[in-house]
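A.B. asks: Numbering (our numbering), first residue to last: 58 to 800.
(1) For residue 290, which residues does DSSP report across the bridge?
(2) Given a threshold of 16 other Cβ atoms within 10 Å of its Cβ, counted over all protein chains shown, does residue 807 qualify as buried or as exposed?
(3) Do you know whose CA, among 679, 706, 646 and 656, lies nearest residue 732's CA?
(4) Can you give me the Cβ contacts of residue 616 inside the same chain, cut-off strictly under 6 Å, excluding the 5 residues immediately before and after it?
(5) Go ahead and pull the three-state DSSP assignment for residue 203.
(6) Look at the alpha carbon of residue 78 and the alpha carbon of residue 129, and state the distance between them as a whole number of angstroms.
(7) Just mark residue 587 as buried or exposed, buried being the case when its beta carbon has 16 or more other beta carbons within 10 Å.
(8) Around the C-beta of residue 255, are 16 or more other C-beta atoms found within 10 angstroms, so that it is buried, or is it exposed?
(9) Would residue 455 and residue 398 qualify as a contact pair, given that the criterion is a beta-carbon distance under 7 Å?
(10) Output the boundary residues of the beta strand (DSSP E) element that contains residue 415.
(11) Determine the direct distance from the alpha carbon of residue 796 to that of residue 89, and round the result to whole angstroms.
(12) When the distance is taken between beta carbons, is residue 525 closer than 7 Å to residue 503?
(13) On the DSSP bridge assignment, give the partners of residue 704 in chain order.
(14) Compute the Euclidean distance between the alpha carbons of residue 414 and residue 347, then round it to the nearest angstrom.
(15) Relative to the alpha-carbon of residue 516, which residue among 553, 276, 529 and 330 has its alpha-carbon at the smallest distance?
(16) The beta strand (DSSP E) spanning residue 527 covers which residue range?
(17) Once you ignore the five residues that flank residue 296 on each side, which residues in its own chain have a CB closer than 6 Å to its CB?
(18) When the Cβ atoms of the segment 716-730 are set against those of the segment 744-754, are three or more pairs found closer than 8 Å?
(19) Can you name, in chain order, every residue of its own chain whose Cβ lies under 8 Å from the Cβ of residue 22, other than the five neighbours on each side?
(20) So is residue 315 in contact with chain C if we call contact Cβ pairs under 7 Å?
(21) Who are the near neighbours of residue 727 in its chain, counting only those whose CB is closer than 6 Å to its CB and skipping five residues on each side?
(22) So what does DSSP say about residue 323, is it helix, strand or coil?
(23) Can you tell me which residues form a DSSP beta bridge with residue 459?
(24) Please report how far the alpha carbon of residue 74 lies from the alpha carbon of residue 251, in whole angstroms.
(25) Output yes or no for whether 7 Å exceeds the beta carbon distance between residue 594 and residue 275.
(26) Residue ranges of each alpha helix (DSSP H) run of no fewer than 4 residues wholly in the segment 549-585, ordered along the chain?
(27) Looking at the structure shown, is residue 800 part of a helix, part of a strand, or coil, going by DSSP?
(28) Quick check on the DSSP output: the beta strand (DSSP E) that includes residue 308 runs from which residue to which?
(29) Whole angstroms is fine: what's the gap from residue 591's alpha carbon to residue 110's?
(30) At what residues does the alpha helix (DSSP H) containing residue 733 begin and finish?
(31) Which one or two residues does DSSP pair with residue 753 in a beta bridge?
(32) To the nearest angstrom, how far is the alpha carbon of residue 670 from that of residue 97?
(33) Between residue 391 and residue 356, which are expected to be in contact by the criterion C-beta below 8 Å, what is the C-beta distance as a whole number of angstroms?
(34) Would you please state the rounded distance, in angstroms, between the beta carbons of residue 362 and residue 386? I believe it to be under 8 Å.
(35) Mind checking residue 219: buried by the 16 CB within 10 Å criterion, or exposed?
(36) Once the 5 residues before and after residue 742 are set aside, which same chain residues still bring their CB inside 8 Å of it?
Here it is, written out as structure tokens:
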């Protein structure tokens with residue numbers, strides 16, 4: 058750690074001598090080549106520098122800080138072919154406004170992402186597999202909570218609400234995550250259980266979601282064991298804007314009468330209203346949402362209120378301050394597993410009539426200063442509060458209040474034409490008070506450094522290292538060093554090779570360490586374990602991306618992941634005293650989190666994108682094959698599917714958009730047999746391969762002079778019945794009508 062601190066300190070000392078920002082200004086406008094209409098939201102990057110911008114409502118953009126030399130500009134936008142303009146100078150009396158025209162295309166290679174290296178870069182420069190979900194894709198699929206969107210990403214599966222990237226995760230309900238969720242670049246896991254709460258993400262205000270497949274601890278620290286998901290929220294535009302989104306869905310009846318528990322139809326509905334405007338020096342947006350899901354299962358209804366607000370102001374040409382507020386208030390029923398397969402839509406008796414009330418939210422701030430075209434720094438901070446209580450039969454059973462504060466100070470410095478350094482420090486603090494977990498504090502500090510070396514014009518070598526120190530309550534602190542190395546080689550203008558090797562780790566959550574419960578919905582007694590060690594992983598990948606033509610591209614990757622000290626819930630019989638008043642021990646079924654698994658996951662992933670009939674149709678195909686081995690037992694890892702297939706075909710014809718999605722997940726080989734027997738979960742072994750077919754279509758009413766789009770979605774068209782998680786029947790067919798508009 059000392060050597061790493063010395064390196065970081067040395068670069069920090071050099072910061073004051075970095076040249077201050079120059080005053081050169083580039084003004085431009087981005088248009089659709091076919092229609093001539095201005096494009097809002099295009100990304101503009103100045104190659105060889107850290108400068109960039111996004112086009113506004115009229116397609117205009119402004120980039121300050123340029124010198125007197127010539128620059129190369131890259132302009133990209135989803136749905137359009139990127140444009141590269143060379144020999145560009147700052148605007149002046151003899152330099153007209155830069156006019157850029159983008160040609161529509163369905164094959165995108167130069168999309169701008171920020172997660173892989175903590176800065177803006179082109180997608181093809183990333184030395185690891187990375188998937189992107191756009192705001193348009195979220196809206197077209199009528200995504201209500203973000204976990205629904207994850208199901209459409211190749212190599213990703215979701216067990217009810219726990220995400221699994223390339224087999225890195227199994228299932229432990231409500232505790233821990235081997236995938237790190239970021240909200241605008243800061244960790245967004247709960248302070249008590251260390252889990253992802255998908256409902257807290259403001260889906261209606263998301264600009265883009267980036268998913269890194271593989272260990273990311275060298276830049277992001279704990280929990281980035283199997284991957285990183287970065288949710289980027291939208292900024293308020295420069296103009297006044299009113300938006301709304303209204304939807305209503307109807308659950309179809311299940312195939313079997315025994316599962317039709319309700320005498321009436323069950324609905325899902327929601328409304329989001331948002332307004333943005335420039336108020337004085339600040340751009341401000343505010344949105345409020347209300348959603349109700351009556352559910353297809355008894356005691357599984359959800360009622361949600363959401364509020365999201367974001368403001369940013371440019372303190373100067375080089376300084377921007379952003380503030381964000383986000384809150385969720387939710388009430389929902391308790392449905393852990395079914396009563397039996399015959400009564401699959403009714404919860405087991407101990408879960409009947411239970412409700413959970415929760416309030417979750419965050420306040421965050423971000424300050425960025427561009428010191429020169431080669432240097433900028435960002436200071437971020439966030440408070441994340443998580444409060445919930447579990448009521449049953451009029452009694453408060455369990456309560457938890459967790460507070461998490463975190464900060465990150467990042468510096469990015471291009472030392473010359475060949476090296477780009479990203480370095481910084483991060484810290485977090487937790488306070489938890491709960492009858493389940495006790496009263497505990499935790500903290501963590503970290504320092505990180507990454508170097509991107511342009512070996513030549515075609516190859517970039519990326520190396521990085523991060524040291525984390527984490528401590529929970531009175532337990533001893535644990536330190537972890539996470540290195541990585543990656544290389545990206547452009548063998549031609551259309552083909553790129555990549556390879557990476559990186560370490561990951563996850564420190565056990567307060568919930569896993571200290572949870573204790575003698576009475577819950579199962580017959581199991583939950584015990585604490587203060588001897589848990591951090592999980593570790595070593596992940597390698599080699600891959601190739603090739604754009605064969607404007608109508609065809611493919612991506613192939615092979616990967617390997619070695620994991621150790623995996624924390625899993627172990628269910629067994631133990632002789633214990635259940636309460637202090639017990640005079641003797643008795644044999645009871647218990648569950649305890651333990652470091653019980655050493656695993657090796659080997660696999661391959663193939664992606665193909667084809668456009669047809671002059672961009673009228675586009676087809677995406679993604680297939681992932683895994684061999685997830687429990688090395689200690691010589692068996693397949695629990696809760697992992699060995700084969701997944703995702704296909705999507707989309708039609709774009711004028712104002713009409715339509716698509717069909719198909720998802721296949723092979724039958725899970727192993728589940729937790731002891732949990733099924735001792736919980737107990739009647740018919741918990743019942744599971745089948747997953748086949749899900751979705752249809753959707755929408756039409757813009759702009760031809761009628763109305764700023765509206767109306768859509769119809771049908772999910773699970775075949776009304777195919779399956780389980781993602783033991784004892785949990787997945788949703789049947791649903792019909793949804795969507796209306797959205799913007800003024």
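The C-beta atom is built at its ideal place from N, Cα and C for all residues, glycine as well. Just so you know, these numbers come straight off a predicted model, no measurement behind them.
C.D. replies: Let me spell this out:
(1) As a working mapping, residue 290 is identified with position 233 in the chain shown. Residue 290 pairs with 263.
(2) Beyond the ends of the chain as shown, which are 58 and 800, falls residue 807; an answer cannot be given.
(3) Counted from its first residue, the chain shown places residue 732 at position 675. Cα-wise, what sits closest to residue 732 is 646.
(4) Here residue 616 is taken as the residue at index 559 of the chain shown, counted from 1. Closer than 6 Å at the Cβ level, and outside the excluded window around residue 616, lie 598 and 660.
(5) For the purposes of this step, residue 203 is taken as the residue at position 146 of the chain shown. Assigned with DSSP and collapsed to three states, residue 203 falls in helix.
(6) If you number the chain shown from 1, residue 78 lands on position 21. If you number the chain shown from 1, residue 129 lands on position 72. Model confidence at residue 78 stands at a pLDDT of 49, short of 50, so the residue's coordinates are unreliable; what they give is reported in the following sentence. Cα to Cα, residue 78 sits roughly 19 Å from residue 129.
(7) Counting from one through the chain shown, the residue named residue 587 turns up at place 530. Residue 587 counts as exposed, since fewer than 16 other C-beta atoms from the protein chains shown sit within 10 angstroms of its C-beta.
(8) Numbered from 1 along the chain shown, position 198 holds the residue referred to as residue 255. Under this definition residue 255 is a buried residue.
(9) Start at 1 with the first residue of the chain shown, and residue 455 comes out as number 398. Start at 1 with the first residue of the chain shown, and residue 398 comes out as number 341. The answer is no: Cβ separation not under 7 Å.
(10) As a first step, residue 415 must be located in the chain shown, where it is residue number 358. Its beta strand (DSSP E) spans residues 411-429.
(11) For the purposes of this step, residue 89 is taken as the residue at position 32 of the chain shown. For the purposes of this step, residue 796 is taken as the residue at position 739 of the chain shown. One C-alpha to the other measures close to 26 Å.
(12) Against the chain shown, residue 503 aligns to sequence position 446. Against the chain shown, residue 525 aligns to sequence position 468. Closer than 7 Å, so yes.
(13) Position 647 of the chain shown, counted from the first residue, corresponds to residue 704. Looking at the DSSP assignment, residue 704 forms a beta bridge with 678 and 719.
(14) One-based indexing of the chain shown puts residue 414 at position 357. One-based indexing of the chain shown puts residue 347 at position 290. Going by the C-alpha atoms only, they are around 16 Å apart.
(15) Position 459 of the chain shown holds residue 516. Closest option to residue 516, Cα to Cα, is 553.
(16) By 1-based counting over the chain shown, the position of residue 527 is 470. The continuous beta strand (DSSP E) containing residue 527 extends over residues 516-529.
(17) Your numbering for residue 296 matches position 239 in the chain shown. Cβ within range, chain order: 114.
(18) yes
(19) Outside the modelled stretch of the chain, which goes from 58 to 800, sits residue 22, for which no answer is possible.
(20) Absent here is chain C; the protein component of the structure consists of one chain.
(21) What you label residue 727 is simply residue 670 of the chain shown in a count that begins at 1. Residues 693 and 695 of the same chain have their beta carbon placed closer than 6 Å to that of residue 727, with the five preceding and five following residues left out of the count.
(22) Here residue 323 is taken as the residue at index 266 of the chain shown, counted from 1. Residue 323 falls in the coil class under three-state DSSP.
(23) Locating residue 459 in the chain shown gives position 402, where the first residue counts as 1. DSSP lists 443 and 489 as partners of residue 459.
(24) Along the chain shown, one-based indexing puts residue 74 at 17. Along the chain shown, one-based indexing puts residue 251 at 194. Any reading at residue 74 must be qualified, since the residue scores a pLDDT of 46, below 50, and its modelled position is unreliable; the value itself is stated next. So the alpha carbons of these two residues sit roughly 41 Å apart.
(25) Position 537 of the chain shown, counting from 1, holds the residue named residue 594. Position 218 of the chain shown, counting from 1, holds the residue named residue 275. No. Outside cutoff.
(26) 567-571
(27) One-based indexing of the chain shown puts residue 800 at position 743. Note: residue 800 maps to coil in three-state DSSP.
(28) Here residue 308 refers to the residue found at position 251 of the chain shown. First-last of the beta strand (DSSP E) with residue 308: 298-308.
(29) If you number the chain shown from 1, residue 591 lands on position 534. If you number the chain shown from 1, residue 110 lands on position 53. Taking the straight line from one Cα to the other gives about 40 Å.
(30) Residue 733 sits at position 676 when you count from the first residue of the chain shown. First-last of the alpha helix (DSSP H) with residue 733: 730-735.
(31) Walking along the chain shown from the start, residue 753 turns up at place 696. Per DSSP, the beta-bridge partners of residue 753 are 716 and 770.
(32) Residue numbering aside, residue 670 sits at position 613 when the chain shown is read from its first letter. Residue numbering aside, residue 97 sits at position 40 when the chain shown is read from its first letter. Roughly 27 Å separates the two Cα atoms.
(33) Counted from its first residue, the chain shown places residue 391 at position 334. Counted from its first residue, the chain shown places residue 356 at position 299. So it is a contact: roughly 6 Å between Cβ atoms.
(34) As a position in the chain shown, residue 362 is number 305, starting the count at 1. As a position in the chain shown, residue 386 is number 329, starting the count at 1. About 5 Å separates the two Cβ atoms, so the contact holds.
(35) Position 162 of the chain shown, counting from 1, holds the residue named residue 219. Residue burial is scored here from C-beta neighbours: residue 219 has at least 16 other C-beta atoms within 10 angstroms and is therefore classed as buried.
(36) Position 685 of the chain shown, counting from 1, holds the residue named residue 742. So the qualifying residues of the chain are 728, 730, 733 and 783.
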